[in-house]
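K.L.:
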Amino acid sequence: MGNHETVRLMTPGQFKELQAAVTEQIPSDLSFDRVLRGSELPAEVINEWIGFYQKIGIEVDLSGLILPDYEKGFDRLLVIPKGLTLNPVWAACQKVFDGKTWSAYGNDLDGNVPTNDRVPTTSYAIRVRDRVEADEELKNLSANDLSKKKIAGITLLERLVYEQKYFHETGGHLDLSNWTLCSGSRHSGGLVPDVHWYSDVKLYVNWCSPGNHDARLRARAVVSA
Numbered sequence: 364m365g366n367h368e369t370v371r372l373m374t375p376g377q378f379k380e381l382q383a384a385v386t387e388q389i390p391s392d393l394s395f396d397r398v399l400r401g402s403e404l405p406a407e408v409i410n411e412w413i414g415f416y417q418k419i420g421i422e423v424d425l426s427g428l429i430l431p432d433y434e435k436g437f438d439r440l441l442v443i444p445k446g447l448t449l450n451p452v453w454a455a456c457q458k459v460f461d462g463k464t465w466s467a468y469g470n471d472l473d474g475n476v477p478t479n480d481r482v483p484t485t486s487y488a489i490r491v492r493d494r495v496e497a498d499e500e501l502k503n504l505s506a507n508d509l510s511k512k513k514i515a516g517i518t519l520l521e522r523l524v525y526e527q528k529y530f531h532e533t534g535g536h537l538d539l540s541n542w543t544l545c546s547g548s549r550h551s552g553g554l555v556p557d558v559h560w561y562s563d564v565k566l567y568v569n570w571c572s573p574g575n576h577d578a579r580l581r582a583r584a585v586v587s588a
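In our numbering, the protein residues as written are 364 to 588.
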């Protein structure tokens, strides 16, 4: 017969010591919302986003909002409230940036960009990489390429919200050297929106063919719930 060892249960004191040891291994700069997996947003994060939307003139209700799972490198959380649409966000951009905006769609972005991978029928959150320039990992990949690879990309609405949130936090702008390919959105004719801060002068929204690819035309990958 083989030898059998007696299995001893961990005492409450030993469990507390183990819990403390594990807690010590969590980086001190790891924010609370990054620790959570698919749970509700902490109140301080909710209040931060409510305050941001109030600053740009949009009243929101974010109750019941659920966090997407955290993936390494996707450290920027973007919160999109229920019912938010492109036109009021674009109007807020025009106001916040003192008219330094240009859009190939005029002021009717909702009418011209009707198809989106995510629509805020309820409030939702996504995670993207926290960086000024769009994802270098996705350079030279067209919207068609991304679709084939099943890489989810940022929508035009999410990208414009990100621009304003970043500006309110830092006073700076995104995509100073490259263009964000908003591969999660489509123009009514199937074209794909893209966004750039043009020559340090204005927020520039244009479009390209879904087959277009370039080293400076890059999507922003997203993690959603």
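The beta-carbon is built from N, C-alpha and C at its ideal position, and this holds for glycine as well.
Taking the CB atoms as reference points, tell me whether Val408 and Arg490 lie closer together than 7 Å.
P.N.:
Within the sequence shown, the letter at position 45 stands for residue 408. Within the sequence shown, the letter at position 127 stands for residue 490. Not closer than 7 Å, so no.
K.L.:
Quick one: what does DSSP say Ala488 is sitting in, helix, strand or coil?
P.N.:
Locating residue 488 in the sequence shown gives position 125, counting from the first residue. Three-state DSSP puts Ala488 in a strand.
K.L.:
Using only alpha-carbon positions, find the residue among Trp560, Lys528, Leu537, Pro573 that is nearest to Gly553.
P.N.:
In the sequence shown, counting from the first residue as 1, residue 553 sits at position 190. Looking at the Cα atoms, Pro573 is the closest of the given residues.
K.L.:
With burial defined as no fewer than 16 other Cβ atoms inside 10 Å of the residue's Cβ, what is the status of Gln382: buried or exposed?
P.N.:
Translated into positions along the sequence shown, residue 382 becomes position 19. Since pLDDT at Gln382 reaches only 49, below the 50 mark, its modelled position is unreliable, and no value is offered.
K.L.:
Hey, Glu480 and Gly547: beta-carbon distance below 7 Å or not?
P.N.:
Start at 1 with the first residue of the sequence shown, and residue 480 comes out as number 117. Start at 1 with the first residue of the sequence shown, and residue 547 comes out as number 184. Here the sequence assigns Asp to residue 480, which means Glu is not the residue at that position. Contact flag set, yes.
K.L.:
Per DSSP, what are the beta-bridge partners of His536 in this structure?
P.N.:
Looking up residue 536 in the sequence shown gives position 173. Paired residues: none, contrary to the question.
K.L.:
Roughly how many angstroms lie between the CA atoms of Asp471 and Asn575, to the nearest whole one?
P.N.:
Looking up residue 471 in the sequence shown gives position 108. Looking up residue 575 in the sequence shown gives position 212. Using only the alpha carbons, I get a separation of about 24 Å.
K.L.:
Would you mind sorting Asp557 into buried or exposed? The rule is 16 or more other CB atoms within 10 Å of its CB.
P.N.:
Within the sequence shown, residue 557 is the residue found at index 194, counting from 1. Answer is buried; the Cβ neighbour count reaches 16.
K.L.:
From what residue to what residue does the alpha helix (DSSP H) around Pro451 run?
P.N.:
Here residue 451 is taken as the residue at index 88 of the sequence shown, counted from 1. 449-459 is the span of the alpha helix (DSSP H), which, as asked, contains Pro451.
K.L.:
Can you give me the Cβ contacts of Ser391 inside the same chain, cut-off strictly under 7 Å, excluding the 5 residues immediately before and after it?
P.N.:
Along the sequence shown, read from residue 1 onward, the residue named residue 391 stands at position 28. Summary for Ser391: the model assigns pLDDT 45, below 50, so the residue's position carries little reliability; its value from the coordinates is reported in the next sentence. Excluding positions up to five away in sequence, the list is empty.
K.L.:
Kindly confirm or deny that the segment 408-424 and the segment 461-477 touch, where touching means at least three C-beta pairs closer than 8 Å.
P.N.:
Touching, no, given that fewer than three Cβ pairs across the two stretches are closer than 8 Å.
K.L.:
Between the segment 490-508 and the segment 447-461, do three or more beta carbon pairs fall short of 8 Å?
P.N.:
With the cut-off at 8 Å, the segment 490-508 and the segment 447-461 do not touch.
K.L.:
Spatial neighbours of Asp396 within its chain, please: C-beta separation below 7 Å, excluding the five flanking residues on both sides.
P.N.:
Taking the sequence shown and counting its residues from 1, one reaches residue 396 at position 33. Confidence in Asp396 is poor, its pLDDT being 48 and thus under 50, which makes the residue's placement unreliable; the coordinate value appears in the next sentence. Excluding sequence neighbours, Asp396 sits near Leu404, Pro405, Val408, Leu430, Leu440.
K.L.:
Could you check if Phe378 is buried or exposed, using at least 16 other CB atoms within 10 Å of its CB as the buried criterion?
P.N.:
Here residue 378 refers to the residue found at position 15 when the sequence shown is read from its first residue. Its pLDDT being 47, under 50, Phe378 is placed unreliably in this model, and the value from its coordinates should be taken loosely. Exposed, by the Cβ-count rule.
K.L.:
Which class does Val524 belong to by DSSP, given the choice of helix, strand or coil?
P.N.:
On the sequence shown, residue 524 is found 161 positions in, with the first residue counted as 1. Three-state DSSP puts Val524 in a helix.
K.L.:
Given a cut-off of 7 Å, decide if Trp570 and Asp538 are closer than it, judged by their beta-carbon atoms.
P.N.:
Working through the sequence shown from its first residue, we reach residue 538 at position 175. Working through the sequence shown from its first residue, we reach residue 570 at position 207. No; because the gap between Cβ atoms is not below 7 Å, this pair is not in contact.
K.L.:
Just the Cα atoms here: how many angstroms apart are Ile421 and Tyr433?
P.N.:
To locate residue 421, count along the sequence shown from 1; it is residue 58. To locate residue 433, count along the sequence shown from 1; it is residue 70. Rounded to the nearest angstrom, the two C-alpha atoms are 27 Å apart.
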